[in-house]
Every structure is written in C-alpha cells, then in structure tokens.
Amino acid sequence: MEIQTHLIKKVANDPKFCTNCNKQILRGDTYHLEEGINQHIHSLLARSFCSGCYAKYGEKKLLKGNE
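Using the working numbering, you'd call the opening residue of the sequence shown number -10 and step up by one each time.
Written out as structure tokens, the structure is:
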C-alpha cells in the first residue's frame, strides 16, 4: 500500500540535510517536509528538501524520487 504525500513549507528548528542533494539545511532556513495526505508519516521516514531543490525540481519530481 502506497501512502500519498505532499510537501509543506517549514522553518528548520535544527540542522537537517536535503534528501535530494545532501546540502545542509541550517537552523532558521526554509525547507520542504514530506507529509502524508491521509496517513501519518513517522518523522524518521519523512523526507526533507532544501528550497533550492524545491525551486529547481518541484514537488512532483522530488516526491517521485527514484521510483
């Protein structure tokens, strides 16, 4: 069963790394976090994307990933 997801815009409270490019997302930076539409995604499984990757690739391509 596949969980439907979308990205939400957030501000980092702690440093993170972009799932796509591995660039560090610093505290206070804006990033996009994967969130389930109808189901909860555990925070350890949810992917984070920097604003640069989001602007370059868009939500659909980032969420599609390596499928």
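Don't be surprised by glycine CBs; every beta carbon is placed ideally from N, CA and C.
- Counted as a single uninterrupted DSSP element, the alpha helix (DSSP H) harbouring residue 42 occupies residues 40 to 53.
- The C-alpha of residue 49 is placed about 15 Å away from the C-alpha of residue -2.
- One Cα belongs to residue 21, the other to residue 11, and the distance between them is close to 14 Å.
- Residue pairing from DSSP places residue 23 in a beta bridge opposite -4.
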